[in-house]
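Enquirer: Mind looking over this structure? Questions follow.
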Amino acid sequence: MSRSTSPLFVDAVIDCMGEGRAPTPEEMMIVAQRIWSDGAAYRSAFSWNSLSVSSPDRLCSMLAAGLALHGSR
Numbered sequence: 657m658s659r660s661t662s663p664l665f666v667d668a669v670i671d672c673m674g675e676g677r678a679p680t681p682e683e684m685m686i687v688a689q690r691i692w693s694d695g696a697a698y699r700s701a702f703s704w705n706s707l708s709v710s711s712p713d714r715l716c717s718m719l720a721a722g723l724a725l726h727g728s729r
């Protein structure tokens, strides 16, 4: 596992891309939460857990996380 020196990238993105592997479910959730909380200034990272599993915001963030972690594979 490598560590990102940039605050813009979650370590999971660097790890998956660098190792050429699929993300774990935990990595998917970490990246999705980061995308969601960074997407709007008023969002708290703590409110991610209050979103329902079928929330459009949550689903969109999970899709974006999958794209970020899988790259162009």
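To convert, count from 1 in the sequence shown and add 656; that's the numbering used here.
No residue lacks a Cβ here, since even glycine has one placed at the ideal position from N, Cα and C.
From a predicted model like this one, the values you see are computed outputs, not experimental measurements.
Does the Cβ-Cβ distance between residue 717 and residue 688 come in under 8 Å?
Expert: Closer than 8 Å, so yes.
Enquirer: Taking the straight line between their C-alpha atoms, what separation do you get for residue 707 and residue 674?
Expert: Roughly 31 Å between the two C-alpha positions.
Enquirer: Which residues in the same chain have their Cβ closer than 8 Å to the Cβ of residue 691, if we skip the five residues on either side of it in sequence?
Expert: These residues qualify, in order along the chain: 717, 720, 721 and 724.
Enquirer: With a threshold of 8 Å on Cβ separation, who are the neighbours of residue 669 within its own chain once the five nearest residues in sequence on each side are excluded?
Expert: Here the set comprises 660, 687, 724 and 725.
Enquirer: According to DSSP, is residue 679 part of a helix, a strand, or is it coil?
Expert: Of the three classes helix, strand and coil, the one that applies to residue 679 here is coil, per DSSP.
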